[in-house]
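J.:
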Amino acid sequence: MHTPSVDWARQLLARTPLVDGHNDLPWALRDRHGSVPAVTAARSDLHSHLDGLHTDLGRLRDGGVGAQFWSVYVPCQLAGHEAVSATIEQVELVHRLVAAYPADLGLATTADQAESVFASGRVASLIGAEGGHSIAGSLGVLGALHRLGVRYMTLTHNDNTPWADSATDEPAVGGLSDFGREVVAEMNRLGMLVDLSHVAATTMRDALDATTAPVIFSHSSCRAVTEHPRNVPDDVLERLRGNGGVLMVTFVPRFVSPAIAAWDARMAEEMAAVGRKHADLADRERFHETWEGRHEQPVATLEDVVAHLEHAREVVGVDHIGIGGDYDGCPEMPTGLTDVGGYPTLFGALLDRGWSEDDCAKVAGRNALRVLRCAEEVADTAE
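Sequential numbering of the sequence shown, starting at -8, is according to this note's numbering.
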């Protein structure tokens, strides 16, 4: 699409790095090519159009992506040393992919490095661990992940950890346990961003009480717009102003479209009625294949995403909003945002609605880089 506003957005993204908070390409590639990082990296031609996926180098360029947090996700079904091993394998895969495409990707572990890689014409590659089960209850593993380049950790995925409640599980510790607060304190000390996507609202509030650095929601949207437990309530959004944190609005259809959220809730009820687990992504996919309601799924649109961005701006202000698409983390994306090439269309829509260039630059990446830089400064103070 080449409208004047989209072209304007492309020019803006050429000057300001778009920092996307969450992309699951590493797991999608592992799913295709296996768990051995060297083999998966060798078999993954990121220069080609990867059919069935949302991300490759060409589409990253088309989308004006300047910096990407690559998710090193592992399913909740993996626990203990298996979760740790799979996480480290994912980290190694990201490092190998960056090394395989030196003209297109550059590793970044600080905000300054991200800006420097962007200035060199490449996509700054940062790493985020999705799910506190990745550390198997060990602060030593947390520190090792940081040493390997991981710069945020999502405190839970779809299931609780022993020390933090998830948004999509039954409450167990009422938010964060004492050890959960230790995890947050250690992340602050390391300079690792505390990511509150996936956690229960009680966990969000406990983490905001405990942290000394700004937090992020790497891929969540607004609960007042779409009633879904993965989205953020307004009272928590309002607290980001005092904390300095950022809500990185996601594009996941069931989180941005009220109609799809209602459809998804019906699927969850029917799964529960036959003893199936909606929070288990693989079980959900298997159930969906034969579920009679699958043909009734509504369609999410770019306008649904814009509604969340505008609500967040109204509640907490433009200084606390970012973007976390969650590409390759779910099968379909909203119309107009079907792959990572769609970001100029989104920012063109914001410009059409009267958002200023400065506002769009903040949402695209300046807010996210500010938060990362602030976490680094908190860590420096703690040393």
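We treat Cβ as the ideally placed atom computed from N, Cα and C, and that holds for glycine.
1) On the DSSP letters alone, give me the boundaries of the beta strand (DSSP E) that Tyr334 sits inside.
2) By the DSSP assignment, the beta strand (DSSP E) with Asn14 in it spans what residues?
3) Check the C-beta distance from Arg446 over to Phe242 and give it rounded, since I have them as a contact under 8 Å.
4) Quick one, which of Asp271, Gln288, Arg364, Ala105 has its alpha-carbon nearest Ala252's?
5) Take Ser(-4) and list the residues in its own chain whose beta-carbon comes closer than 7 Å to its own, dropping the five residues that flank it on each side.
6) Within 10 Å of its beta-carbon, does Asp(-2) have 16 or more other beta-carbons around it, so buried, or fewer, so exposed?
7) Which class does Leu116 belong to by DSSP, given the choice of helix, strand or coil?
8) Considering only the alpha carbon of each residue, which of Ala29, Ile118, Thr372, His40 lies closest to Val331?
9) Is there a C-beta anywhere in chain B that falls below 8 Å from the one on Met144?
10) Is it the case that the Cβ atoms of Asp47 and Ile314 are separated by a distance below 8 Å?
11) Return the Cβ separation of Val362 and Gly235 in integer angstroms, given the expectation that the two are a contact with Cβ distance under 8 Å.
12) Just the C-alpha distance for Leu37 and Ala215, rounded to the nearest angstrom, thanks.
13) Please classify Leu184: does DSSP put it in a helix, a strand, or coil?
14) Does the beta-carbon of Gly25 have 16 or more other beta-carbons within 10 angstroms, so that it is buried, or is it exposed?
15) Excluding the 5 residues preceding and the 5 following Val369 in the sequence, name in chain order all residues of the same chain whose CB lies nearer than 6 Å to its CB.
16) To the nearest angstrom, report how far apart Gly165 and Ala158 are at their CA atoms.
T.: Put simply:
1) In the DSSP assignment, Tyr334 falls outside any beta strand (DSSP E) and within the unbroken alpha helix (DSSP H) covering 334 to 343.
2) 9 to 14
3) Because the chain here runs from -8 to 374, residue 446 falls outside it and cannot be looked at.
4) Gln288
5) Gly339, Leu342, Asp343
6) With fewer than 16 other Cβ atoms within 10 Å, it is exposed.
7) It should be noted that the sequence gives Ser, not Leu, for residue 116. In the structure shown, Ser116 sits in a strand (DSSP, three-state: E or B).
8) Of the listed residues, the one whose Cα sits closest to Val331 is His40.
9) Looking for chain B here will not work: only one protein chain is present.
10) no
11) 7 Å
12) As the crow flies, the alpha-carbon of Leu37 is around 38 Å from that of Ala215.
13) Of the three classes helix, strand and coil, the one that applies to Leu184 here is strand, per DSSP.
14) Result: exposed.
15) Hits under 6 Å: Asn179, Thr203, Ala204.
16) 11 Å
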